[in-house]
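Structure record follows, encoded as structure tokens.
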Amino acid sequence: MIQAIFKYTFMQNALLAALLASVVAGVIGTIVMEKKLVSMSGGIAHASFGGIGFGYLLNFEPIWGGLFFAIGSSLLISRITKNGKIKADTLTGILWSFGMALGILFISLTPGYMPDMTSYLFGDILSVSNSSIFYMSIFTIIIVVLFVVYFHSFMMYLFDEDYARSTGMNVTLLEYLVYIMIPLGIIVLIKIVGIILTIALMTIPVSIAKMLFNSLKQVVISSVIISTFLCIVGIAISYYINIPSGACIIIFSTFIYFITWLYTIALKKSRHTHKKHHHSE
Amino acid sequence: MIEKISYKDVRYCYGDVCAVHEATFDFPKNAITALIGPNGGGKSTIVKLLVGLLKPDHGHVKKFEGATIGYVPQATTFDRAFPATIYDLVLMGTKDNKITPFKRYTKRDKEKACEAIKRLSLNGLENRSINQLSLGQLKRGLIARAIASNANILVLDEPDESLDIESSKNLYKILVTLKKDTTIIIVSHHVAEILEVADYALYVMEHVKFYNEPKQLQEILLNDGIFTL
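Quick note, the sequences are listed as chains Z and W, same order.
Here our numbering runs 3 ahead of the position in the first sequence, where the first position is 1.
Counted from 1, the second sequence has number 75 at position 90 by our numbering; the numbering is strictly sequential.
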């Protein structure tokens, strides 16, 4: 595989894309996990399929359509559910399937042969083009810069929104930023693992990091590193045994998640028995 | 210049159910005012209207000039699995509310946080994750965060809820030392204990009644058999 990396641009792009996606998974994953927006993010990812279909129908780059639908549904969920009359969960469910339905409709209306949608649904890291790397980099940079520059405010908002609001902080502004950053991140992740599997990459690395660290900074940084590791090993496995890369990354990640979970349980137990020994001595 | 926080004709309803009806009263400055009353009577609503988490349907809440609020909510407003230590928690209180780029904690902020931690007798626990604290310790952590913010209004929503009587009394002692430059508003169910230390009391049961003498309220409640000492 090492030789292939030097030899083939597609392998270099794959690794670069994995790195970008991991940065997004760490930052956006932390936001999504702490704000309990996992299912909403799933909804946004699926709603973007409508935009992708729209791109095919009108013959423009599908990912821009996807981005437009993703941001639209994200802002729609955040605004409409604000007054509490419609539950975010309900609206998420509706947009989730509505987006998918629109996508299918637009694609079936598209003249000519039916385009292959599997790369959008399941991701295809080995077919990432230079132009995709370009827009992925831009989105990742926007996300990272905003998060790093306003880290302190984000931390307050993520930790205790009520408290932040009570200090007079402009929480609404942060909310808007978050609801724009999430769809940007999702579009980056779609290229790697596809619409259906984005939630996994947003939740698994952060969940592993949270089992090991107890400060927000450590969790964000370590989940970027963990995600990079998971993606690269996943790609390597898929390269050698020739199965789809997105699925490979997610299955391997889930496996590592459970290993870490068992490890932390064992660690707690050994500490406990150690304490007992200590007391009985 | 007003030297108090005043509620004028304030009404707030959750749908058809009104928690606060046309309430008019004041919280005097630099004193401890206790909010007493049954569950669901509207105490938390009054407090939330003050800190700005709710906006009144009618009437208004006016604060004195230069008022800054330190709010200690009932512990459940955040997720305890959040990756933060008690030191992180208190440190968060030291910064102002502006969303400015590259905010960093200064040496002074860190000192302020340590000071607040000490005042609430949390020293030694600084690096413990908030997930591993008892509920009582967490409450003290939240009060430390509010104190670290240099707020001149401290709003405490049942800070003694999970504390035993002894720890509650210690907490009240700390509050008494703060009141010379802080307006303290405290919701509590430890009626007898809080009325001992409060300067003023507010009985909230749909309607609001203000008592200049907490003792007076205590006697009324005793006579009505609402609580026993």
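C-beta atoms are modelled at their ideal positions from N, C-alpha and C, and glycine is treated no differently.
Could you tell me which of His49(Z), Phe157(Z), Pro114(Z) and Ala91(Z) sits nearest to alanine 104(Z), measuring between CA atoms?
His49(Z)
Among Leu19(Z), Ser156(Z) and Ser256(Z), which has the Cα closest to the Cα of leucine 176(Z)?
Checking every option, the nearest Cα to that of leucine 176(Z) belongs to Ser156(Z).
Where glutamate 143(W) and isoleucine 205(W) are concerned, what is the direct C-alpha to C-alpha distance, given to the nearest angstrom?
22 angstroms
Helix, strand or coil: which one does DSSP assign to aspartate 142(W)?
DSSP places aspartate 142(W) within a strand segment (E or B) once states are collapsed to three.
Can you give me the C-alpha to C-alpha distance between histidine 43(W) and lysine 33(W), rounded to a whole angstrom?
15 angstroms
Cross-strand partners of tyrosine 56(W) (DSSP beta bridge)
Val140(W)
If you measure from the beta carbon of isoleucine 169(W) to each beta carbon in chain Z, is any gap under 8 angstroms?
no
State buried or exposed for methionine 14(Z), treating a residue as buried only when at least 16 other CB atoms are found within 10 Å of its CB.
buried
Under 9 angstroms from the C-beta of glycine 32(Z): neighbouring residues of chain C
Within the model displayed, chain C is absent; protein chains Z and W are what it includes.
Who are the Cβ neighbours of phenylalanine 12(W) in its own chain at under 7 angstroms, not counting the five residues just before and after it?
The residues are Lys(-11), Ile(-10), Thr18, Thr168 and Ile170.
Determine, using beta carbons only, whether valine -5(W) comes closer than 8 angstroms to chain Z.
no
Could you run through the stretch 46 to 67 of chain W and flag, in chain order, every residue whose CB is less than 9 angstroms away from some CB of chain Z?
Thr53, Ile54, Gly55, Tyr56, Val57, Pro58, Thr62, Phe63, Asp64, Ala66 and Phe67
Look up isoleucine 170(W) in the DSSP assignment and give the residues it is bridged to.
For isoleucine 170(W), DSSP records a beta bridge to Thr18(W) and Val140(W).
Extent of the continuous alpha helix (DSSP H) to which threonine 175(Z) belongs:
174 to 215
Beta-carbon spacing of arginine 104(W), isoleucine 159(W) below 8 angstroms
yes
Is the separation between the beta-carbon of alanine 91(Z) and that of methionine 158(Z) shorter than 8 angstroms?
no
Please report how far the alpha carbon of isoleucine 259(Z) lies from the alpha carbon of proline 186(Z), in whole angstroms.
Their Cα atoms are separated by approximately 26 angstroms.
Assign phenylalanine 261(Z) to buried or exposed, taking buried as 16 or more other Cβ atoms, counted over all protein chains shown, within 10 Å of its Cβ.
exposed
Determine contact between the stretch 171 to 190 of chain W and the stretch 21 to 30 of chain W, defined as no fewer than three beta-carbon pairs at a distance below 8 angstroms.
The stretch 171 to 190 of chain W is in contact with the stretch 21 to 30 of chain W.
Residues of the stretch 75 to 95 of chain W with a CB closer than 9 angstroms to any CB of chain Z: list them in chain order, please.
Met77, Gly78, Lys80, Asp81, Asn82, Lys83, Ile84, Thr85, Pro86, Phe87, Lys88, Arg89 and Tyr90
Please classify histidine 175(W) as buried or exposed, where buried requires at least 16 other C-beta atoms within 10 Å of its C-beta.
Its Cβ being crowded by 16 or more others within 10 Å, histidine 175(W) is buried.
Report buried or exposed for threonine 276(Z), applying the criterion of at least 16 other Cβ atoms within 10 angstroms of its Cβ.
exposed
Could you check whether the Cβ of aspartate 42(W) sits closer than 8 angstroms to any Cβ belonging to chain Z?
no
Determine whether the Cβ of valine 36(W) lies closer than 8 angstroms to any Cβ atom of chain Z.
Yes, valine 36(W) counts as interfacial toward chain Z.
By Cβ distance below 6 angstroms, which residues in the same chain neighbour lysine 200(W) in space, the five residues on each side in sequence not counted?
none
Quick check on DSSP: helix, strand or coil for glutamate 50(W)?
The DSSP-derived three-state label of glutamate 50(W) is coil.
State the start and end residues of the unbroken alpha helix (DSSP H) segment that holds leucine 207(W).
199 to 208
I need the DSSP call for valine 152(Z), collapsed to helix, strand or coil.
helix
Provide the residue span of the beta strand (DSSP E) that contains leucine 187(W), from first to last.
185 to 190
Pull up the distance between the alpha-carbon of cysteine 234(Z) and that of serine 218(Z), whole angstroms please.
24 angstroms
Any beta carbon from chain W within less than 8 angstroms of threonine 287(Z)'s own beta carbon?
The structure shown does not extend to residue 287(Z), since chain Z is modelled only from 4 to 284, so the question has no answer here.
Any beta-carbon of chain Z closer than 8 angstroms to the one on valine 2(W)?
no
Comparing C-alpha positions only, which one of Ile146(Z), Val41(Z), Asn245(Z) and Val181(Z) sits nearest to tyrosine 160(Z)?
Taking only the C-alpha atoms, the option nearest tyrosine 160(Z) is Val181(Z).
Proximal residues, the stretch 200 to 216 of chain Z versus chain W, C-beta separation under 9 angstroms
Ala212, Lys213 and Phe216
Any chain Z beta carbon closer than 8 angstroms to threonine 18(W)
no
Sorted by chain position, which residues of the same chain lie with C-beta nearer than 7 angstroms to isoleucine 229(Z)'s C-beta, five sequence neighbours on each side aside?
Pro208, Ile211 and Ala212
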